[in-house]
Amino acid sequence: HDEIGAGLTSISMLCEQAKVKARNEKEAGLAWFDKISSQSRNVSDKLNEVVWATNPENDNLPSLLSYIRNYVSKFFEDSTIRYALHLPDDVPNVFLKPNVSRNVFFVLKEALNNCAKHSLASQIEISFKLDADNNYMLYIGDNGRGIDFDSLPPHRNGFGNMRRRIDDINGVFEIKSVIGKGTYVKIKRNLS
């Protein structure tokens, strides 16, 4: 909700700046319209996430994995990072509490954003495995530069937010990084 509101405010401000630039400098004005278009797509994507996350018809494992598949492919379509996505073909139609789907997805999203912005990775692997006891593991790993957790600025709370999201659904969150070799995030939980 906050991200969408901020995005719409940004679009409004960009429109005002574009009007001024278009009056004075045609080429500069056109660049502002490109920014508006990009911001509009961004807000639209966030709105789609909200709609998906709040639709009760999506509170099941097949829907979650389908959404992950679509999100990952779209996320990397213009990226130089190669990705491998491993999702099971045979997925039981298991009900998931709404907060489970939402929190798992938002942790995946945060991990992918961190990789794209900070890791300098050339490859990323995303896999979802389900065992016979209905325990699952979501793995997101990259071959980037790794993270020096001790040198992170105190205002960076993405990892803490990811951990809290998984703690809230009684899951297990694990993050491990080796400088120069990459980082992985794992989420483990039972489907029940």
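Mapping of the sequence shown onto the numbering used here: position 52 corresponds to residue 218, and the numbering continues sequentially without gaps. Positions of the beta carbon are idealized from the N, C-alpha and C atoms, including for glycine.
(1) Restricting to Cα atoms, I'd like to know which of ASN221, ILE292, ALA282, LEU286 is closest to LEU262.
(2) What are the start and end residues of the alpha helix (DSSP H) that includes ILE234?
(3) Let me know the secondary structure DSSP gives THR220 once reduced to three states.
(4) Terminal residues of the continuous beta strand (DSSP E) containing GLY307?
(5) Hey, which unbroken runs of the alpha helix (DSSP H) at 4 residues or more fall wholly within the stretch 245–317?
(6) Kindly give me the distance between the Cβ atoms of ILE290 and GLY307, rounded to whole angstroms, as I take these residues to be in contact under 8 Å.
(7) Determine the closest residue to ARG311 out of SER293, LYS347, ASP297, LEU304, with distance taken between C-alpha atoms.
(8) Would you say the stretch 285–303 touches the stretch 249–260, given that touching needs at least three Cβ pairs under 8 Å?
(9) Grab me the residues of GLU340's own chain with a C-beta within less than 6 Å of its C-beta, minus the 5 sequence neighbours each way, in chain order.
(10) Taking its Cβ as the centre, do 16 or more other Cβ atoms sit within 10 Å of ALA277, making it buried, or is it exposed?
(11) Name the one or two DSSP bridge partners that ARG355 has.
(12) Please tell me whether LEU227 and ILE292 are closer than 7 Å, where the distance is taken between their beta carbons.
(13) Spatial neighbours of ARG248 within its chain, please: CB distance less than 7 Å, with the 5 preceding and 5 following residues excluded, ordered by chain position.
(14) When DSSP labels each residue in this structure, what does LYS212 get in the three-state scheme?
(15) When the Cα atoms are used, what is the spatial distance from PHE241 to ALA282?
(16) Output the distance between the C-alpha atoms of TYR350 and SER358, rounded to the nearest integer angstrom.
(17) Taking only three categories from DSSP, how would you classify ILE332?
(18) How about ALA298: is its C-beta nearer than 7 Å to some C-beta of chain B?
Let me lay it out:
(1) ASN221
(2) 227–241
(3) helix
(4) 301–308
(5) 264–280
(6) 7 Å
(7) LYS347
(8) yes
(9) LYS352
(10) buried
(11) TYR302
(12) no
(13) SER288, GLN289
(14) helix
(15) 9 Å
(16) 25 Å
(17) helix
(18) The chain labelled as chain B is not found in the depicted structure, where only one protein chain is given.
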